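Protein chains in written order, with the working numbering: chain Z, 817 to 927; chain F, 293 to 407.
Encoded structure:
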């Protein structure tokens, strides 16, 4: 079974700082990887979807990279803002026709 | 589109009672998923449907859990009888035409508390 790990579990940074969130997975035979944002008491919002044939995806201040061979993905957030405070989860799509989710990184951006 | 709609937002019930959670997926989406989120286990897939047909229910924890999708715009997840360990946030999600190759769209969830 695919195991997805996100480290650190929590991160606190001052506003304006660039930051990187990490995601690792055990089985490199994946179809894609998806990054989500979850606000307290809310559902998950998909931020970026990277197909297995791609190495990165960008949306605004967000950039996600994928290295299948090493079983790793990173989410880069540029010029962080207080509104970026949320929990970020990665999910790996692969065998079993389902996404396997990490437990998330809780991000706090301090004004 | 209003997105994936779940009801109720919160449900408090007593052990042994029947609980029914409801979901309306995004119109035109062929896949519907039910997830459960807890602090201990994170997000777990319970069951998913393709064109109203259950495809994989291997994540359903016990026979006390059942799910139906009578039509393309409605699904229910039922727990009967409920137990305190069922307390969690239950999410419904949908995707357009693949279980793993497209973005997942989540509802706001149902916070279930079983006393």
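By construction, the Cβ of each residue, glycine as well, lies at the ideal position given by its N, Cα and C atoms. Treat the numbers as computed from the prediction; the structure is a model and nothing was measured.
Excluding five sequence neighbours on each side, which residues of the same chain lie with their C-beta closer than 6 Å to the C-beta of residue i?
i	result
residue 892/Z	836, 879
residue 369/F	313, 326, 359
residue 922/Z	826, 903
residue 245/F	This structure gives no information on residue 245/F, because the portion of chain F shown stretches from 293 to 407.
residue 908/Z	818, 820, 841, 846, 849, 916
residue 347/F	340
residue 839/Z	822, 889, 906, 918
Report the neighbours of residue i on chain F: residues whose CB is nearer than 9 Å to its CB, in chain order.
i	result
residue 914/Z	325, 337, 340, 348, 351, 391, 392
residue 844/Z	Chain F residues near residue 844/Z: none, gap ~15 Å exceeds 9 Å.
residue 828/Z	Per Cβ cutoff of 9 Å: no residues; residue 828/Z is ~20 Å from chain F at best.
If I measure Cβ to Cβ from residue i and keep anything under 7 Å in the same chain, skipping five residues before and after, which residues do I get?
i	result
residue 361/F	324, 341, 344, 367
residue 881/Z	871, 872, 889, 890
residue 337/F	325, 327, 351
residue 356/F	371, 372, 373
residue 300/F	402
residue 333/F	none
Could you give the C-beta distance for residue i and residue j, rounded to a whole number, given that I count them as a contact under 8 Å?
i	j	result
residue 383/F	residue 318/F	Not a contact, Cβ separation roughly 14 Å.
residue 833/Z	residue 897/Z	Not a contact, Cβ separation roughly 10 Å.
residue 375/F	residue 331/F	The pair is not a contact, with the Cβ atoms about 17 Å apart (cut-off 8 Å).
residue 387/F	residue 395/F	7 Å
residue 844/Z	residue 901/Z	Contact doesn't hold; Cβ gap of about 32 Å is too wide.
residue 852/Z	residue 862/Z	6 Å
Residue i by DSSP, collapsed to three states: which one?
i	result
residue 328/F	strand
residue 355/F	coil
residue 843/Z	coil
residue 333/F	coil
residue 399/F	coil
residue 930/Z	Look at the range of chain Z in this structure, 817 to 927, and you will see that residue 930/Z is not part of it.
residue 362/F	strand
residue 346/F	strand
residue 888/Z	strand
residue 377/F	helix
residue 817/Z	coil
residue 319/F	coil
residue 908/Z	strand
residue 855/Z	coil
Verify the contact flag: residue i, CB atom, against every heavy atom of the ligand MN, threshold strictly below 6 Å.
i	result
residue 881/Z	Absence of the ligand MN from the depicted structure is noted, as is the absence of any ligand whatsoever, leaving it without description.
Which residues in chain F sit within 7 Å of residue i, going by Cβ to Cβ distance?
i	result
residue 847/Z	392, 393
residue 859/Z	383, 398, 399, 400, 401
residue 875/Z	Within chain F, no residue comes near residue 875/Z; the closest Cβ sits about 12 Å away, beyond 7 Å.
residue 886/Z	Result: empty, since nearest Cβ-Cβ is about 21 Å, beyond 7 Å.
Under 8 Å Cβ-Cβ, which residues of chain F neighbour residue i?
i	result
residue 919/Z	334
residue 850/Z	395, 396
residue 763/Z	Nothing can be reported for residue 763/Z, as the shown portion of chain Z is limited to 817 through 927.
residue 840/Z	Ordered by position in chain F, no residue passes the 8 Å Cβ test against residue 840/Z, which lies about 15 Å from the chain.
Using the beta-carbon of each residue, which ones in chain C are nearer than 7 Å to residue i?
i	result
residue 869/Z	No chain C appears in this structure, whose protein chains are Z and F.
Which residues in the same chain have their Cβ closer than 8 Å to the Cβ of residue i, if we skip the five residues on either side of it in sequence?
i	result
residue 305/F	311, 374, 404, 405, 406, 407
> Just by C-beta distance, which residues in the stretch 362 to 377 of chain F are closer than 9 Å to chain Z?
Replying inline: none
>> Short of 8 Å Cβ to Cβ, which residues in the stretch 894 to 913 of chain Z face chain F?
In response: 905, 907, 909, 910, 912, 913
>> What are the residues in the stretch 295 to 327 of chain F lying within 7 Å of chain Z by C-beta distance?
In response: none
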